[in-house]
Amino acid sequence: MHGEYKVPGGKLVVVDLDVVDNTIVNFRLAGDFFLEPDSALGDIDAAVNGLAADSDAVSIAAAVRAALPAQATLLGFSPESVAVAIRRSLAQASGWRDYEWQLIHTEAVAPVMQMALDEVLAIEVGEGRRSPTLRIWEWTEPAVVIGSFQSLKNEVDPVQAAKHGFTVVRRISGGGAMFMEAGSVITYSIYAPTDLVQGMTFADSYAFLDEWVLTALKSLGIDAYYQPLNDITSPKGKIGGAAQKRLGSGAVLHHVTMSYDMDGDKMVQVLRIGREKLSDKGITSAAKRVDPLRSQTGLSRDAIIDRMKATFTGLYGAVTGNITEAEYARARELVETKFGTEEWIGRVP
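The opening position of the sequence shown corresponds to residue 1 in full-length UniProt numbering, with each subsequent residue numbered one higher.
Following this line, the structure appears as structure tokens:
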């Protein structure tokens with residue numbers, strides 16, 4: 001069995017192993033990481049050989065750590081990343097390049113349609129009718145997107161939302177409320193088979209699925225990194241956040257919203273954001289604009305998106321795709337029966 005895991009912000013960890021009578025044998029660790037002393041590589045191999053094949057990642061990482069010499073130095077990887085690579089090999093997880101990716105960047109649609117498209121496209125990928133896809137969103141009107149489990153009244157001021165023309169919609173993933181205006185944010189969704197994240201915890205999969213966008217941001221001069229569980233940030237403040245949903249059809253939906261140039265004053269009027277949460281979003285005063293991507297790059301939103309597209313395509317070989325008429329039709333049905341209904345939007349009052 002063979003498994004690979006690219007450590008977010010780090011190096012590639014590669015493992016090869018066999019399983020005999022539910023026991024790991026012939027284990028070998030490799031990769032482009034750094035390890036001192038040199039003999040520690042053999043220590044890691046010896047620690048893994050003989051472990052039960054159904055050992056969880058915590059147990060595997062603990063065995064690796066216990067076998068390391070006291071002064072061992074690991075650069076670009078960790079015992080936990082070795083455990084992830086092993087679990088991925090045992091689960092026969094796939095890699096990015098095992099798929100023919102599509103990249104979609106189509107015309108703007110209404111916020112409620114965005115919610116429906118996310119569900120439709122994820123189902124289509126899970127059921128094998130669509131290849132794995134990256135979709136970049138465009139907005140027709142301002143919106144507040146609340147998480148699947150958030151209380152509507154606790155998150156949104158309805159009077160201020162109406163005053164500023166904001167539609168309120170609810171997505172199928174968890175997480176917090178997102179403040180969206182055309183031109184102020186960059187939002188994308190990844191629809192992938194769950195095999196891509198086999199052997200990973202939810203926390204590991206968040207950073208794994210966004211590694212490509214960190215690469216794109218770093219190429220623009222932003223010192224971007226992942227802050228668990230689901231934040232993309234930099235030394236100058238938070239850039240964006242991710243949310244995720246695993247579907248029974250065999251797909252993972254992973255979407256991210258990053259701030260390009262948001263009106264912080266308007267945001268705190270529309271969202272019921274407490275002082276602590278306001279600080280977490282990197283806003284020191286209500287009047288300050290939230291503009292990490294614009295201020296840190298000096299580039300237009302379109303230029304940043306172009307770099308993101310080029311990075312994803314260069315790494316994973318994506319081709320330009322489109323949403324089909326059948327997918328649009330199914331999304332319109334979901335708007336009528338689910339996402340546009342008061343029952344769904346107010347499912348948690």
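For every residue, glycine included, the Cβ atom is placed at its ideal position computed from N, Cα and C.
Keep in mind it's a predicted model, so treat the numbers as computed, not measured.
Give the range of the beta strand (DSSP E) segment to which residue 363 is assigned. With the chain represented from 1 up to 349, any question about residue 363 goes unanswered, as that position is not in the structure.
*asked:* Would residue 168 and residue 185 be called neighbours here (beta carbons separated by less than 8 Å)?
replied: no
Which term fits residue 18, buried or exposed, when burial requires 16 or more other beta carbons within 10 angstroms of its beta carbon? exposed
Does the segment 93-110 come close enough to the segment 314-334 to have 3 or more Cβ pairs within less than 8 Å?
-> yes
task: Output the boundary residues of the alpha helix (DSSP H) element that contains residue 368.
output: With the chain covering only 1 through 349, there is no way to say anything about residue 368.
Ranges of the alpha helix (DSSP H) found wholly within the segment 205-275, counting only runs of at least 4 = 211-219 and 264-270
Separation of residue 76 from residue 69, as counted between CA atoms: Near 18 Å, if we compare the C-alpha coordinates of residue 76 and residue 69.
Beta-ladder partner(s) of residue 164, from DSSP: Paired residues: none, contrary to the question.
Which of helix, strand or coil does DSSP assign to residue 336?
helix
Check whether the segment 202-218 touches the segment 170-184, counting contact only when three or more Cβ pairs, one atom from each stretch, lie closer than 8 Å. no
*asked:* Can you tell me where the beta strand (DSSP E) holding residue 352 begins and where it ends?
replied: The structure shown does not extend to residue 352, since the chain is modelled only from 1 through 349, so no value can be given for it.
Contact between the segment 146-157 and the segment 232-241 (3+ Cβ pairs under 8 Å)
no
Residue 11 in three-state terms, based on DSSP: coil
* Nearest-angstrom beta carbon gap, residue 57 and residue 87 [assumed within contact, 8 Å] -> 5 Å
How about the segment 154-165 and the segment 121-132: do they share at least three Cβ pairs that are nearer than 8 Å?
-> no
Margin query: Check whether the segment 210-221 and the segment 301-310 touch, using three or more Cβ-Cβ pairs below 8 Å as the test.
Written below: These segments touch.
Item to complete: Excluding the 5 residues preceding and the 5 following residue 189 in the sequence, name in chain order all residues of the same chain whose CB lies nearer than 6 Å to its CB.
Response: Cβ-Cβ distances below 6 Å link residue 189 to 118, 135 and 255 in the same chain, with the five nearest sequence neighbours on each side left out; the list follows chain order.
Grab me the residues of residue 175's own chain with a C-beta within less than 7 Å of its C-beta, minus the 5 sequence neighbours each way, in chain order.
Shown here for residue 175: same chain residues with a beta carbon closer than 7 Å to its own, the five before and five after excluded, namely 147, 230, 241 and 243 in chain order.
Need the endpoints of the beta strand (DSSP E) that residue 313 sits in, please. Where residue 313 is concerned, there is no enclosing beta strand (DSSP E), although the alpha helix (DSSP H) it sits in stretches over 301-316.
Checklist line | Cβ-Cβ distance between residue 8 and residue 214 below 8 Å | finding: yes
Notebook entry, point to check: What did DSSP end up calling residue 89 once you bin it into helix, strand or coil?
Noted result: In this structure, residue 89 counts as helix in the three-state DSSP scheme.
Coarse secondary structure for residue 67, derived from DSSP in three states | helix
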